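Since the structure comes first, as structure tokens, the remarks are kept for the end.
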Amino acid sequence: MKFIDLRAQQKRIRSNIESRINHVLDHGKFIMGPEVYELESKLAEYVGKKYCISCSSGTDALLIPLIAKNIGPGDGVITTPFTYIATAEVIKLLGATPIFIDVYPDTFNINPDYIPDALNYADSIDIKAKAIIPVDLFGLPARYRLIEKYAEENNLFVIEDAAQGFGGSIRGKKAGSFGQCSSTSFFPAKPLGCYGDGGAIFTDDDELAFKMKSIRIHGGGKNKYDNVRLGINGRLDTIQAAILLEKIKIFDEEVELRNKVAKYYLNNSNTGFKMPHVPKKYTSSWAQFSIVAPSEEKKSSCIELLNKKNIPTMTYYPIPLHLQKVFSEYGYAKKQFPVTENISKSIFSIPMHPYLKKSDQNKIMEIINEF
């Protein structure tokens, strides 16, 4: 049994992907080839945004907008401590300060009601909070109506981190379309993934899109030797774009299949473990299916039994960001974000992908229900 079964997906579309790759090999435009622009057009249409700027990774998809907004020393960016390091890493890379706030215990997403506390904290350490990066954790979009309300009241630039949530939605509005700008990742394990690294940025803002396209290619202006600002080498290569063009054809179907797996898990749960919650009118893309055990001991026992039966598990995320050594200079302490810390001790994830057999789903739930 696979935690994520990319091979099963590949069997469906391998011949088409090989044809796409061969076409790139034939035309030889490996950097910013026609497939890149075709993909950007299709992704922008899918999300419902005016611009899609493809880039080399989900991390660069967060970094580029921050550079474009001149975020740097003396600035603060609000985000969650319960996510992958990339979200906060890009903030520190630019010399800005990550300001963490706690999450909801049921959705694991950032709790916007703590935004006023974050603003007060920023004032107390003499920095200016300029942006917020909510994360669509495990496939579920964050609570954007409330986030955007606070952001508008306090002049915060919102960057949606849709790396895990791409394919999800709120009231039919797609993940990747919230905030002034959104970012996603095409890392192979993501709901829509390529066969390497890749990412994309979405916005309706003409000026911001222009700047981000420039930053993506070394701050270029009229041509590659006209450099008008500092930038990075952040392009998506043509072969990865070609792969994604084939994968996006089956993406909606795969999200639907992921939701069927999740529905089976939820409907067949008879356990003291806390199952993930999807609010009404929200759709998750189920990047992961994560469960919270009643205790660390029960988590360990369940994982041990699952692994003995050759059922893989993962833990996202065992150490919250505010307790990571790399962020120690900011003085965050244990018990400062109790919901995050409690979740991180007892959460684990079980297999989730569109091709998971019903017999395997049943096997997994039979073991979990023993607890």
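One gets the numbering used here by counting positions in the sequence shown from 1 and adding 244 to each. The C-beta atom is built at its ideal place from N, Cα and C for all residues, glycine as well. It should be emphasised that the depicted structure is a prediction, and the values quoted were computed from it without experimental measurement.
Closer than 7 Å by C-beta to residue 365: which residues in its own chain qualify, once you throw out the five before and the five after it? Chain order, please.
-> 343
Could you tell me the boundaries of the alpha helix (DSSP H) in which residue 546 lies?
-> 540-552
Would the stretch 366-382 and the stretch 579-590 be scored as touching if the rule is three or more Cβ pairs under 8 Å?
-> no
Cα separation between residue 609 and residue 513?
-> 7 Å
Output the distance between the C-alpha atoms of residue 520 and residue 470, rounded to the nearest integer angstrom.
-> 50 Å
What's the gap between the Cα of residue 283 and the Cα of residue 292?
-> 14 Å
Just to confirm, are residue 325 and residue 564 a CB contact at a threshold of 8 Å?
-> yes
Is residue 404 helix, strand or coil when you go by DSSP?
-> strand
By Cβ distance, which residues of its chain are closer than 7 Å to residue 440, with the 5 residues on each side in sequence left out?
-> 484
Same chain only: Cβ atoms within 7 Å of residue 362, ignoring 5 sequence neighbours per side = 322, 343, 345, 373
Confirm, please, whether the CB-CB distance from residue 429 to residue 229 is below 8 Å.
-> Residue 229 is absent from the structure shown; the chain starts at 245 and stops at 615.
DSSP three-state assignment for residue 426, whether helix, strand or coil | strand
Using 10 angstroms around the beta-carbon of residue 356, count the other beta-carbons present and answer buried if the total reaches 16, otherwise exposed.
-> buried
Three-state secondary structure (DSSP) of residue 533 = strand
What is the C-beta distance between residue 533 and residue 594, in whole angstroms, given that I count them as a contact (C-beta under 8 Å)?
-> 6 Å
Using the DSSP secondary-structure output, state which residues sit across from residue 373 in a beta bridge.
-> 320
Alpha carbon to alpha carbon, how far is residue 341 from residue 574? Give it in angstroms, no decimals.
-> 8 Å
The stretch 473-480 in contact with the stretch 299-310 per 3-pair CB rule at 8 Å = yes
Does the stretch 394-401 touch the stretch 412-422, meaning 3 or more C-beta pairs lie closer than 8 Å?
-> no
Going along the chain, which unbroken runs of the alpha helix (DSSP H) with 4 or more residues stay wholly within the stretch 333-384?
-> 359-368
Smallest Cα separation from residue 385: which of 392, 404, 368, 371?
-> 404
Pairwise C-alpha distance: residue 413 and residue 526 = 6 Å
Residue 571 to residue 333, Cα distance in whole Å?
-> 9 Å
C-alpha distance - residue 395 paired with residue 359, whole-angstrom precision = 9 Å
Which whole-angstrom value is the C-beta distance of residue 542 and residue 615, which I expect to be below 8 Å?
-> 6 Å
Taking C-alpha atoms, which residue in 295, 263, 568, 580 lies nearest to residue 488?
-> 263
Between the Cα of residue 383 and the Cα atoms of 391, 408, 463, 456, which residue gives the shortest distance?
-> 408
Three-state secondary structure (DSSP) of residue 302 | helix
Report all residues from its chain with a CB closer than 7 Å to the CB of residue 415; omit the five preceding and five following residues, and keep chain order.
-> 525
When you compare only the Cα positions, how much space is there between residue 450 and residue 389?
-> 23 Å
Whose CA, out of 447, 391, 603, 318, lies closest to the CA of residue 368?
-> 318
Compute the beta-carbon to beta-carbon distance between residue 650 and residue 559, rounded to the nearest angstrom, for a pair I have assumed lies under 8 Å.
-> Residue 650 lies beyond the range of the chain shown here (245 to 615); nothing can be said about it.
Given residue 280, which residues of its chain have a CB within under 7 Å of its CB, disregarding the five upstream and five downstream residues?
-> 298, 480, 482, 485
So the beta strand (DSSP E) residue 446 belongs to, where does it begin and stop?
-> 443-447
Inter-residue Cα distance where the pair is residue 580 and residue 464 | 43 Å
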